[in-house]
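Peer 1: Have a look at the structure that comes next, please.
There are 2 protein chains.
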Amino acid sequence: MPDLSASARPVITRKDVARLAGVSTAVVSYVVNGGPKNVAPATQERVRQAIATLGYRPNVTARALKMGSSRILGMVVPKISSPFFASLAKAVEQAAEEEGYAMLLGDSRDSLTVERRHLSNFADRQVDGVFLCSVLNHRPEVSELEGRGIRTVLLNFSEYPLEVDAIGPEFVDSSRRAVEHLAGHGHRDIALVQGFVTGNTLDGREFGWREALKGMGASEGRIFRCSFDRAGGYDAGRRFLALAERPTAVFITSDEQAVGFLRALHEAGLRVPEDVAVMSFDGSEESEFSWPPLSTVRQPIQQMAEAGVRAIIGTGRDEPPRTQVFDCELVLRRSCGCDT
Amino acid sequence: MPDLSASARPVITRKDVARLAGVSTAVVSYVVNGGPKNVAPATQERVRQAIATLGYRPNVTARALKMGSSRILGMVVPKISSPFFASLAKAVEQAAEEEGYAMLLGDSRDSLTVERRHLSNFADRQVDGVFLCSVLNHRPEVSELEGRGIRTVLLNFSEYPLEVDAIGPEFVDSSRRAVEHLAGHGHRDIALVQGFVTGNTLDGREFGWREALKGMGASEGRIFRCSFDRAGGYDAGRRFLALAERPTAVFITSDEQAVGFLRALHEAGLRVPEDVAVMSFDGSEESEFSWPPLSTVRQPIQQMAEAGVRAIIGTGRDEPPRTQVFDCELVLRRSCGCDT
DNA sequence: CGTTTTTGTTGACTCGAGTAGATCGCGCTG
DNA sequence: CAGCGCGATCTACTCGAGTCAACAAAAACG
Chain G
61 MPDLSASARP VITRKDVARL AGVSTAVVSY VVNGGPKNVA PATQERVRQA IATLGYRPNV
121 TARALKMGSS RILGMVVPKI SSPFFASLAK AVEQAAEEEG YAMLLGDSRD SLTVERRHLS
181 NFADRQVDGV FLCSVLNHRP EVSELEGRGI RTVLLNFSEY PLEVDAIGPE FVDSSRRAVE
241 HLAGHGHRDI ALVQGFVTGN TLDGREFGWR EALKGMGASE GRIFRCSFDR AGGYDAGRRF
301 LALAERPTAV FITSDEQAVG FLRALHEAGL RVPEDVAVMS FDGSEESEFS WPPLSTVRQP
361 IQQMAEAGVR AIIGTGRDEP PRTQVFDCEL VLRRSCGCDT
Chain L
61 MPDLSASARP VITRKDVARL AGVSTAVVSY VVNGGPKNVA PATQERVRQA IATLGYRPNV
121 TARALKMGSS RILGMVVPKI SSPFFASLAK AVEQAAEEEG YAMLLGDSRD SLTVERRHLS
181 NFADRQVDGV FLCSVLNHRP EVSELEGRGI RTVLLNFSEY PLEVDAIGPE FVDSSRRAVE
241 HLAGHGHRDI ALVQGFVTGN TLDGREFGWR EALKGMGASE GRIFRCSFDR AGGYDAGRRF
301 LALAERPTAV FITSDEQAVG FLRALHEAGL RVPEDVAVMS FDGSEESEFS WPPLSTVRQP
361 IQQMAEAGVR AIIGTGRDEP PRTQVFDCEL VLRRSCGCDT
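Shown next, in the form of C-alpha cells:
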C-alpha cells in the first residue's frame, strides 16, 4: 500500500555529487564551471563520473541568485499574432538561445498599462536585458529599467532617441525608394496608408513617402490613417474606395494592413495592380502568399535580432547606448506592377 | 573625477527595509506575503512606509530558490510565426500572467532536436510547467519532465495519449461537420489537403473527412500531403491544378495552408468558391482577411489556453493526468459558397 | 636537506528570502 | 500576586551554488 513510485523525486544537489566522488562541494563547482581554480585530472574524472551516474543538473535558480544574472532576456511586443513581431520574436529567441539565454515573452496588446506591467515584472525577475517593441517612444520606462541595471534595447522605433540602445530598419530612405518604384511604373497619384503612431512624432515611412512625392514634383498625396492590423487596412481600403477620384497606387506601412486593404479592393472588384498598385512594408511570409503577392520592403529581421542580442549581452555597463539602423531591401512581386 | 552617477544602483533588500522600519527581516516577509504570522497593524504600516520610501522589490530569484517554484511557465511551439501558434502563445501568456506567471517561449523550428533542447533548458530553469505543441506525439520527453517534477500539458495533440495531460480541439467531429457543410453546397468530390503528421498516427482531421465522405456514400477522396505552412499549401495547390479531373471542393487542415492553396488557385485564374470551394481549419485572424474570406473551423483558443494554465497551476501533484477536448465552431464565410 | 613556490583541496561565508522555534511582554484569571 | 495564555516579534537555519582565504602536500630550487 505504500508509495506512489512516480512522485519519488530525489533532487540531486552538488552535495550528493561531492559525497559520491569523495571531494568537497567546491571541487564540484570548479569542475562544472571549469574554474576559477584548477582540479587534478584524476579528480575531475571522478567528479564527472559521479555527475553522470547521479544525473546531476546544476540548479539554475541558485546560480542566478549568487551571480545576479538569470541568463534570461525579456521581450515585449504589442501583438505577437502580428506576423512581423512573431518573426522578430523568433529571430530574437534563436539568437538568444545560441548564447545560452532563454526568452520571456510578454504581449502588451497595444496597451501601455500592460506593457508597463510586463516590464516591471521582467525587472523583478532579474532578466539580464529587455527587448522592447512599443508603439510609444517612451523614455521613462526604459530609464527605470536601466536604473535597475537592466540593459534595454528598443526595437523597431520610429524616431531617433539617442539616450538609449535602439535598433531598427532604415525607414525613411527605404520608403522613399519604394514610392519611387511605384512612380517608375507611371503612377503620379500615390496614397499612403499609415498606422497610428502614438506621440507626436513623424513616422519615418510617412516621411519617406513625402520626400518621394516632393522629389517627383507631385502634389500632396492622400493619407489614410488606421490601426496597425488587417482590420485597419481593410477599413482604410473602404475609405479609399469611397473616394470619387482614386489614387492609382498606394504605399502601406505594413504587410498586415496591406492584406486587409487588398481584401477591400477585391470585394469591390478592383484589380491589383491594374486598377490600383500596392506596395507595403515589412516583408513577412504573409506578403508572399497573399493575392496578388505583395511587393514590399523587407526588413532584415535576423540581423536586427542578432545585433540586439549582442547589444545586450556583449556590452559593458558603462558603454554609451548606440542607435543602429539597418538597410532594407525592396522585394518586387506582382502587386506593384512587376512580375506580371 | 570619480563616479559614473547612473551606474550607482543600490539594490535594496529586505534587510534595508527592516533596518529602516526598526523591525526584523522576518516581519518584513510577513508583511510582504501576508503571512504566515500576524503583524500588528501599526508595525505593518511602518514596514509599508519603509518599503515605499526605499522602493524595495522582493528578489524573485531568491524566493524561487527557497520555494522551489519560479512562477514561470514554458511554452514550446514548432513555429511562432504561424498565426495559429502565435494566437495560442498569446492566449497562454495572457492566462498565465493573470495568475502571476511569466512565460518562456521556445521555438523548435519543427526540429525534434531543438524541441528537446528547449525542454531540457526549461527543466533546468525550474519552470513550474510546460506547454508543449509538438508535431510529434512523443512520450519520452514528457515523462522525463514529469519525472523532474514539471507538470506538462500537451496542446494541440492529434491522438489521445492518456498518460499525460492533454488539451486540444475536437478534431474528428468538427472536421466531419465542415466536410458535410461542403457537401451541403452540392459537392460530391471533396479533396483533403493534409499537413504532414509525424509518427504513424492518423490525424483527427483526416479521420473526420473520411467519415464524412463515407457518410455521404461518396467514393474515396483525393489527399494532398504537404508541409504545415503557406508554402506547403501552395505546393499542394499546384499539384491539385495539375489534375485532369479536379475535385470541386477542398478541405484544408490549416488556415495557413489554405492561404497558400488560394494563391495557387488565383494564379491559375480559378474562382473561389465558384470553381473550387474551400474550407479550412484553425480560425486565425488571417482567415478573415484572405481573398475570398475563408470558411474555417475555429478552435476555442482562449478556452484551451485557460484550461491549460489551470491544469498546470491548479492541479495537485498526484492527480491523474486528464485529456480535455474542446468543441470547435464552424465559421462560414465566402470560400465555401456561403455569404456571396 | 631545508626552504620557497606551486598545485590541489577544503571549510566557510555569501547571495536574498521563507519560516519554525524561541522569546518577550501584556492582560486576564484564580 | 503568581500563573497562564496569547499575540507580536526576533533569531537562526534553510534553499543550492560560487569563490576566497587557508591549509596541506608535492615540486622546484639553492
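Going down the list, the protein sequences come from chains G and L. Heads up, the first sequence stops at 400 in my numbering, and the numbers go up one at a time, no gaps. Heads up, the second sequence stops at 400 in my numbering, and the numbers go up one at a time, no gaps. The beta-carbon is built from N, C-alpha and C at its ideal position, and this holds for glycine as well.
#1: Beta carbon of G:Ala407, beta carbon of G:Leu242: below 7 Å?
#2: If the criterion is Cβ atoms closer than 7 Å, does the pair G:Thr121 and L:Leu273 meet it?
#3: Could you check whether the stretch 165-172 of chain G touches the stretch 130-140 of chain G, counting it as contact only if at least three pairs of C-beta atoms, one from each stretch, sit closer than 8 Å?
#4: With a threshold of 7 Å on Cβ separation, who are the neighbours of L:Ile115 within its own chain once the five nearest residues in sequence on each side are excluded?
#5: Tell whether a beta-carbon distance below 7 Å holds between G:Val253 and G:Ala296.
#6: Would you mind working out which of L:Leu390, L:Thr383, L:Asp289, L:Arg370 sits nearest L:Gly189, comparing C-alpha positions?
#7: Determine the contact status of L:Pro333 and L:Asp249, defining contact as a CB-CB distance below 7 Å.
#8: Residues in the same chain with beta-carbon distance under 6 Å from L:Ala81, minus the five sequence neighbours each way, listed in chain order, please.
#9: May I ask you to report which of helix, strand or coil DSSP gives L:Gly320?
#10: Can you tell me which of the three DSSP states G:Arg285 falls into?
#11: Is L:Lys150 close to chain G? Criterion is C-beta to C-beta, closer than 7 Å.
#12: With DSSP run on the structure shown, which of helix, strand or coil describes L:Leu242?
#13: Between L:Ile210 and chain G, is there a C-beta pair that is closer than 7 Å?
#14: Note down, in chain order, every chain L residue with its Cβ under 7 Å from the Cβ of G:Phe349.
#15: Comparing alpha-carbon positions, which option in G:Cys193, G:Ser194, G:Glu204 lies nearest G:Asp184?
#16: Using beta carbons (cut-off 7 Å, strictly below), is G:Ile312 in contact with chain L?
#17: Count the other CB atoms within 10 Å of the CB of G:Asp387; is the residue buried (16 or more) or exposed (fewer)?
#18: For the alpha helix (DSSP H) that contains G:Gln359, what are its first and last residues?
#19: Whose Cβ in chain L lies nearer than 9 Å to the Cβ of G:Ser147?
#20: Counting C-beta neighbours from all protein chains within 10 Å, is the total for L:Lys97 16 or more, i.e. buried, or is it exposed?
#21: Mapping the DSSP letters down to three states, classify L:Asp342 as helix, strand or coil.
#22: For the stretch 113-131 of chain G, enumerate the residues whose C-beta is nearer than 8 Å to any C-beta of chain L, in chain order.
#23: What in chain L is Cβ-close to G:Ala162, meaning under 7 Å?
#24: Mind pulling the beta strand (DSSP E) runs of 3 or more residues that sit fully within the stretch 130-158 of chain L?
#25: What distance in whole Å lies between the Cβ atoms of L:Leu301 and L:Ala328, which are believed to be in contact at a cut-off of 8 Å?
#26: Are there 16 or more other CB atoms within 10 angstroms of the CB of G:Asn147, so buried, or fewer, so exposed?
#27: DSSP three-state call for G:Trp167: helix, strand or coil?
#28: Following the continuous beta strand (DSSP E) through L:Arg177, name the residue where it begins and the one where it ends.
#29: Give me, in chain order, the residues of the same chain whose beta-carbon lies closer than 7 Å to that of G:Leu390; leave out the 5 immediate sequence neighbours on both sides.
#30: Rounded to whole angstroms, what is the Cα-Cα separation between L:Arg382 and L:Ser130?
#31: Mind checking who L:Phe386 pairs with in its DSSP beta bridge?
#32: Suppose contacts are defined by Cβ-Cβ distances below 7 Å. Is L:Ile361 in contact with L:Val213 by that definition?
#33: Spell out a yes or no on whether the stretch 281-292 of chain G and the stretch 308-322 of chain G are touching, meaning 3 or more CB-CB pairs, one atom from each, closer than 8 Å.
#34: Interface residues of chain G around L:Glu345 at Cβ under 7 Å?
#35: Note down, in chain order, every chain G residue with its Cβ under 9 Å from the Cβ of L:Glu158.
#36: Of all the CB atoms in chain L, is at least one closer than 7 Å to the CB of G:Asp342?
Peer 2: Inspection of the coordinates gives the following:
#1: Residue numbering for chain G in the displayed model covers 61 to 400; residue 407 of chain G lies beyond these limits and cannot be assessed.
#2: no
#3: yes
#4: According to the sequence displayed, residue 115 of chain L carries Gly and not Ile. Contacts found: Ile72.
#5: yes
#6: L:Arg370
#7: no
#8: Arg106, Val107, Ala110
#9: helix
#10: strand
#11: yes
#12: helix
#13: no
#14: Arg290, Tyr294, Val319, Gly320, Arg323
#15: G:Glu204
#16: no
#17: exposed
#18: From DSSP, G:Gln359 is part of no alpha helix (DSSP H); its letter is neither H nor E.
#19: Ile140, Ser141
#20: exposed
#21: strand
#22: Arg117, Pro118, Asn119, Val120, Thr121, Ala122, Ala124, Leu125, Ser130
#23: Leu164, Asn181, Arg185
#24: 132-137
#25: 5 Å
#26: The identity of residue 147 of chain G in the sequence shown is Ser, whereas the question assumes Asn. Its Cβ being crowded by 16 or more others within 10 Å, G:Ser147 is buried.
#27: Residue identity differs from the one stated: residue 167 of chain G is Asp in this sequence, not Trp. Strand.
#28: Where L:Arg177 is concerned, there is no enclosing beta strand (DSSP E), although the alpha helix (DSSP H) it sits in stretches over 172-184.
#29: Arg237, Ala238, His241, Val357
#30: 24 Å
#31: L:Pro229
#32: no
#33: yes
#34: Ser141, Arg290
#35: By Cβ distance, chain G contributes nothing, its closest Cβ being about 11 Å from L:Glu158, past 9 Å.
#36: no
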